[in-house]
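First the structure, in the form of C-alpha cells, and then the observations on it.
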C-alpha cells in the first residue's frame, strides 16, 4: 500500500479498518504533539494528515460511519474549503449550539446503540489531565478509553521525520543562572514534596520543551518561532537524563552536557527509563502526556503538581530582564526604521501614479523582518507577523500569505503585531497606525479607549497576591463604558528567549489562580475590532517589579507594579485628546521621552529626527 | 452526672472517655449547624459549649492529651480570655505559620505514633463537600473519618431546645411568585438533570434555611436577623415534604401548606424519609450536610450540583425588586432622621458642659433601631449594627456591647453599618460621617479613594458573563494607587427579606465562578481602615439590570449595569474635591437629587430641609 498516495477518504477508510481490528468504536485525533507545544513539528501533524485540513487547531473524530472535525471560528472558512469531498463534517466549535466532543460521542453511541464501548486515542497526544477528563466524561456513559496509536502504522510514507537540528548551549551570561544552580533549586522543591515518604527516591518527568531548554540552558531550532529542542527529561535526586536524538548533539554540546552531568539517552528510550523508576514520581499533569504516565511502574507514588520549573522559569532573574531590555532596544530600532520607511518610502509619488509595483501586507511583513534581522543577536521572529490592513486588522488571528494578502495604500488603519527572538530575550509588540486620509471620529475614540486601558494596566499598583484576572477589567473599563469589548486575552506570559506565549501567568477573564509575581513578563494588549473596518490593538510587554511602600499605606502587604519593557512610540495622531486625563497624558509624554532617550543613541541622524518627532510631547 | 455543672475541663474529659469507647483518636467540633447557616440557633453551639469560647467562629480539636481551638484574628483577644484555665490551646488561624487543622492532625498522629486511625465528627455539622475534603486529606496519611455524634450524649442538661417559633406564609404579593410556579420551575431544572436516566424517579434534598423559606414562600423567627424557619425539605416529582416541628405550625400555616400541597413531617423524620427514596437523588454538597447524604440508600444515583434554588433565588423578580425599593425608602427615612438627630440633638450644649449623660456607640445603635422600627413593614435588623467611633471603626467586625463600648463625642469619624429586614425586602447600608472638628487631610483622601471606588463599581457597564472578581479592582484602583487596600470583600450578595448575606454572587478577590446576572443584588462597600485612627466604608446595595446597547458596540454581547437601590446621602464634607472627576461629581449630584426626590415626600418639613441641605449639589 502506498500511503503517500492515499487521499483523505482512503486514510479514513484505513483508519476504520484498524479501528475494527483494534476493537474501538470511536477514534479521536487531536491537533497536539507529545510535548503540549504551541508550535508543532510537521512530524506530529496527524490531525492535518488524516483530514486534509491544514489549520493549526482542530480535532478529528472518526466512527465507522461518521467522520467529523471540530475547529474554531478562525478556521471555518479554510476548513470548509479543505474538507470538501472528504466526507468529513465540520463542527463549528465556537458556535453556542455546537456539541462538545465528549457529548457528541456519548450521544452517538447511545443513539446508534453501538455495542463496542471503547474510544481509542494515542496517549502521547493527550496530557494526563485531559486524558483523565476524557475518561471521566465517557465513563458516566459506560464508555472507556483505550490507549492505542492507530495513526503510526498508517502514516508510514511521506511522514516528516522528527527534526534533527543541532542543539546548542545557552550561556549563563544570557540565562543568568547556571544549570547547577537551577537543578539544585528545583531538586529542593521536589524533595519538599516527598519529605514525609519512607523512600526518598524520586523522579520528575519533564516533557515541555521550554522547561527542558530552561532547565539545561540549551536552545535549538526544532520548532518554528520557539528556540527549543525536541526532548524529554527525567530529573532524579542524584542524576538527570535527557532523552534526545544523538545526531542533534555535536562535540561542543556533548562536552557541555557532560560538564553539567546531564546523561543522554535516545528520545524513544524515555518510556523504558520511566518503567524502571521507583519511589515518588512527580509530573505536571497539564503538560506531561498520558503515554509517559502509563509507563510509570505500579508501586510508585504518583504526585501530579504544577511544574516547579514552569513556576520558576516565569520569574525572570535580573540578567534575563537586563537581556530583555537590550532586546527591546534592538527591536525598537527595527520598528523605528520600519515605520520611517513606511511613512517616507513605501509609497513614493511614482507608485501613487501606478508606475510602481503595489505594496502588500506581505511586503510589510518581509520588510519588518529585514529590519529586525539587522539587529544584534537576532535569531528569528517570535511568531508570524500579523499585518492587518483596514478590515483585515479586525480578524484577530489574521495571517496574510504571499499569495493571499491585501494591497496597502497610504490611507486608513494598519495593525502590526510582531516580535523577535534575540539571544538576549523575546519581544512581542503591536502598534496600530494611521496611514493617511481623514481619521473617522469613531477610529479616534476606539484608539483612545484602547490606549487608556493599555495605560491603566501599565500603571496600576497592586498588592502581592493579585491575579491577572483581577486586573483585566482595568484595561477594559473605558471601552466597556462605550459598550465595546474584545474576545482575546488582555495579556499573556512571555518567555526569555523561549516561547512568546508561556504560563502560568496571564491577564485574562478566566479564573487562572496564578498570582502575578516579581519577574513575570506579560503583554498588555487590549484591542477593538470593527468587522470590515479596522482592528486596533496596542501592545507592550511589561514586567512585574516591587513597588515602594507609600506613606499612606494601611497594611503590611507587599506592593507590586509594572515596568514597561517595550520601547516604541504610539501613533498620537489617533488620540482623541478630550478623553485623556492629565495623568494619562503625562504618562505618554514620560514614556515617549524614555523611548527617545534609550533608542536614539542607536540611530542615525535622520532616524533620530524622525523618532524625536514621533516622541514629541502631546497636550498643553 | 449533672452536665449543667460540668466545667470545660470536665466536658473535655467526658468527651475523651467517649472517644476511647467509640475508638476515635481525634474528635473535631466545628462551629456549624446542620443547615450551613450564618446565624445559628443556640441549640447547635456545640463548639462554644465544649470550649467555653463564645466567639461566632471556631473549631475545636480534641485528642487524648491535647485540646485546641482554631479561630481567626477577630477573636484572638476574646479566645485568649475565655480559654484561660481550660487547658485548650489557641490556634491563631489567621497567622501565616498556623498549621491547617488537617495538617495538624496528620502530624500529631504521625509524631505520637497513634495506633487508632479514626477521626470522629458529627456528620450533621459538615457539608458533604467539606466532609469529602476532610476524608481525602486524612486518607493520604492513612487516617479515616468516623461519623459519630459524641456531643449529644454529653450535652444533655442545659442545652437550649431547637427554636419553636411559629412559621408564617409570606404573601406572593411580596414574593412576586407563587409556590406553585417556583416548584414547577425548579422541578423542570431537576428533570433536565435526570433526563438520560432509565428511572425518572428523583428527589432533591434541601437543607439551607433560606432556600426552604424562598421555595415555600414562608418566613419565621427561629434565627436572629434572618427570618427563616428551621426545617429540611425533600422535593420530588409529584410531592414535596417539609420536615419541621409540628408546634411551629398553627392553623393558618397548616391551611397554607395544605393549599400548596406541602406535606409536613417531624424535623427528625428527614433521615428515615431519605432512606426510603429511590432513583436520582440531587443535593448541593456545599450546603447539604453529610448526615443527610449518608442516609441516601445504596442503589440511588447521587448528583451533587449547585442548588438550582440558590441560583434562582438570587435573581430577584420585578416584585421583589419593587419591594426592595420600598424598603429602601423606609430605611432612608430612618437614616435621615437618625443623622439629623445625631447632628442636632445627640450632643446638646448642656451635655458638652458635662451635665448630661454621655452618648455611647451603643446609644447610637439603639437610637437607629428606634428610627427603623417606626418604618412600615419593618420586622427586625438584618444584622447587628456596627457603630465604630474613631479607632473602633478600623476594627472590621467591631461589635459594641452595652457594657463595652466607646463614648461618642461631636468630633472625629464615625462608621455606621446597619440594615433592616422589612416585609418588602432586606437593606444593608454603611455611611461614614465626620462628627466635628478639623478634618485631617489623610481622612479626606481616604474617604475620597473609597468613594471613587464605590462610584466606579456602581457605574460600570460590563458584558454578560462577567464575574464579580473581575470588577473588584475597579473599586480598589484609586486606593491602590496610594498604596492602600482592605481585607474584606467589596460586595456580598443580599437576599430578599432573607439573608443579608447570600450566594452565589459576590464581588471579592477570590475565584468565585458565578457570573453576575440580572436581578442579583450585591453590596458595594470598599473601605479603608487605619488602626487606632478611623475606619471608612461606604456601602450601597446595587442590583444588576440590562444595559442598553450603544451605537458604538462591536459585539453581540448582552450588556449589564447596576441600579443603585440604597437611598442615603454621603457626607460631602469629607470629599477631597481635587481628586474628583467631573463624571464622578455629576454622578453624586444626580444620586443626591434622586435621594431627595424619592425620600423627601415621606419626611416632615424640618426633615425635608435637613435632607435638602445634605443633598445640595457639590462642585462648580
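Protein chains in written order, with our numbering: chain S, 258 to 877; chain W, 258 to 877.
Think of the CB as a built atom: it goes at the ideal place given N, C-alpha and C, for glycine as much as any other residue.
If I'm right that residue i touches residue j with Cβ under 8 Å, what's the distance once you round it to whole angstroms?
| i | j | result |
| --- | --- | --- |
| residue 486 (chain W) | residue 470 (chain W) | 6 Å |
| residue 651 (chain S) | residue 791 (chain S) | 6 Å |
| residue 532 (chain S) | residue 554 (chain S) | 6 Å |
| residue 799 (chain W) | residue 814 (chain W) | Not quite, the Cβ-Cβ distance comes to about 20 Å (not below 8 Å), so this is no contact. |
| residue 540 (chain W) | residue 461 (chain W) | 7 Å |
| residue 301 (chain W) | residue 412 (chain W) | Not quite, the Cβ-Cβ distance comes to about 10 Å (not below 8 Å), so this is no contact. |
| residue 380 (chain W) | residue 601 (chain W) | With a Cβ gap of about 56 Å, residue 380 (chain W) and residue 601 (chain W) do not count as contacting. |
| residue 831 (chain W) | residue 691 (chain W) | 5 Å |
Using CA atoms only, rank isn't needed, just tell me which of the options is closest to residue i.
| i | options | result |
| --- | --- | --- |
| residue 632 (chain W) | W:443, W:641, W:586 and W:601 | W:586 |
| residue 876 (chain W) | W:855, W:833 and W:373 | W:833 |
| residue 784 (chain W) | W:700, W:598, W:536 and W:358 | W:700 |
| residue 494 (chain W) | W:523, W:482, W:457 and W:339 | W:457 |
| residue 363 (chain S) | S:490, S:283, S:808 and S:789 | S:283 |
| residue 308 (chain W) | W:343, W:275 and W:732 | W:343 |
| residue 508 (chain S) | S:425, S:438, S:365 and S:749 | S:425 |
| residue 572 (chain W) | W:751, W:355, W:620 and W:728 | W:751 |
| residue 702 (chain S) | W:808, W:795, W:720 and W:676 | W:808 |
| residue 410 (chain W) | W:278, W:761 and W:535 | W:278 |
| residue 722 (chain W) | W:762, W:517 and W:774 | W:774 |
| residue 276 (chain S) | S:373, S:337, S:348 and S:334 | S:373 |
| residue 582 (chain S) | S:341, S:866, S:806 and S:797 | S:797 |
Hey, does residue i have any beta-carbon neighbour from chain S nearer than 9 Å?
| i | result |
| --- | --- |
| residue 786 (chain W) | yes |
| residue 860 (chain W) | no |
| residue 259 (chain W) | Note that residue 259 (chain W) has pLDDT 40, beneath the 50 cutoff, so the model's placement of it is unreliable and the number below is only indicative. Judged by the 9 Å Cβ criterion, residue 259 (chain W) is not in contact with chain S. |
| residue 703 (chain W) | yes |
| residue 816 (chain W) | yes |
| residue 517 (chain W) | no |
| residue 726 (chain W) | yes |
| residue 795 (chain W) | no |
| residue 731 (chain W) | yes |
| residue 807 (chain W) | yes |
| residue 321 (chain W) | no |
Give me the chain B residues within the contact set of residue i, using Cβ-Cβ distance strictly less than 7 Å, ordered along the chain.
| i | result |
| --- | --- |
| residue 720 (chain S) | As a matter of chain content, chain B is missing from the structure shown, whose protein chains are S and W. |
Does residue i get closer than 9 Å to chain W when you measure Cβ to Cβ?
| i | result |
| --- | --- |
| residue 770 (chain S) | yes |
| residue 738 (chain S) | yes |
| residue 336 (chain S) | no |
| residue 762 (chain S) | no |
| residue 811 (chain S) | yes |
| residue 838 (chain S) | yes |
| residue 715 (chain S) | no |
| residue 522 (chain S) | no |
| residue 804 (chain S) | yes |
| residue 766 (chain S) | yes |
| residue 723 (chain S) | yes |
Beta strand (DSSP E) segments (min. 3 residues) lying fully within the stretch 273 to 323 of chain S
283 to 287 and 316 to 319
Within the stretch 812 to 856 of chain S, ranges of the beta strand (DSSP E) (whole runs, at least 3 residues):
816 to 821
Can you check the stretch 672 to 720 of chain S for any alpha helix (DSSP H) of at least 4 residues that lies completely inside it and give the ranges in chain order?
698 to 715
Continuous beta strand (DSSP E) assignments of at least 3 residues falling wholly in the stretch 414 to 467 of chain S:
459 to 463
If you scan the stretch 335 to 388 of chain W from start to end, which runs of the alpha helix (DSSP H) of 4 or more residues do you find wholly inside it?
358 to 368
Sufficient close CB pairs (3 or more, under 8 Å) joining the stretch 388 to 400 of chain W to the stretch 355 to 374 of chain W
yes
Please give me, in chain order, every unbroken run of the beta strand (DSSP E) with length at least 3 that falls completely inside the stretch 514 to 575 of chain S.
519 to 522, 537 to 540 and 558 to 561
Any contact between the stretch 840 to 856 of chain S and the stretch 264 to 273 of chain W? By contact I mean 3 or more CB pairs, one from each, below 8 Å.
no
Sufficient close CB pairs (3 or more, under 8 Å) joining the stretch 817 to 830 of chain W to the stretch 663 to 674 of chain W
no
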